[in-house]
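See structure below.
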Amino acid sequence: MAAPPEKDSQALLPAPLRILQWLVIGLTASLIFGVITVVAVVVTRFPKAATPPLPESLALPEGASALSVTQGADWIGITTSDDRILIYDRASGSLRQTVTLTRP
18 MAAPPEKDSQ ALLPAPLRIL QWLVIGLTAS LIFGVITVVA VVVTRFPKAA TPPLPESLAL
78 PEGASALSVT QGADWIGITT SDDRILIYDR ASGSLRQTVT LTRP
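The structure is reproduced here in structure tokens:
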């Protein structure tokens, strides 16, 4: 039966292994510090951008349902399920232009 290991296992390691052990501990600590730093920079540098205000309601034509919405400086574009792009005025909410898409 083997003797139980001594309480001070550091004394049993040769010097090169003790150096390697401290290098691994230092690398682990620096990686933890690095991840915390990157997360902190991302959180502080990329705050939530304020979205421009939308009109209370936009009236879609009969039978159209919105697939996507995009915004410009003074307009709002809505892509509908019936292959149209509806351009609305941002200030008044009135329909400014309709673009019909054709599929190839």
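Under our numbering, think of the first position of the sequence shown as 18, with each following residue one higher. Each residue gets a CB set at the ideal place from its N, CA and C atoms; glycine is no exception. In this text, all values refer to a predicted model and were calculated from it rather than measured experimentally.
query                                                                                                                          : result
What are the partner residues of A83, as DSSP defines its beta bridges?                                                        : T97
Taking only the alpha-carbon atoms, compute the straight-line gap between S109 and K65 and give it to the nearest angstrom.    : 27 Å
Do you know how far the Cα of V52 is from the Cα of V59?                                                                       : 11 Å
By Cβ distance, which residues of its chain are closer than 8 Å to L44, with the 5 residues on each side in sequence left out? : none
Exposed or buried, which one is I95 when buried takes at least 16 other CB atoms within 10 Å?                                  : buried
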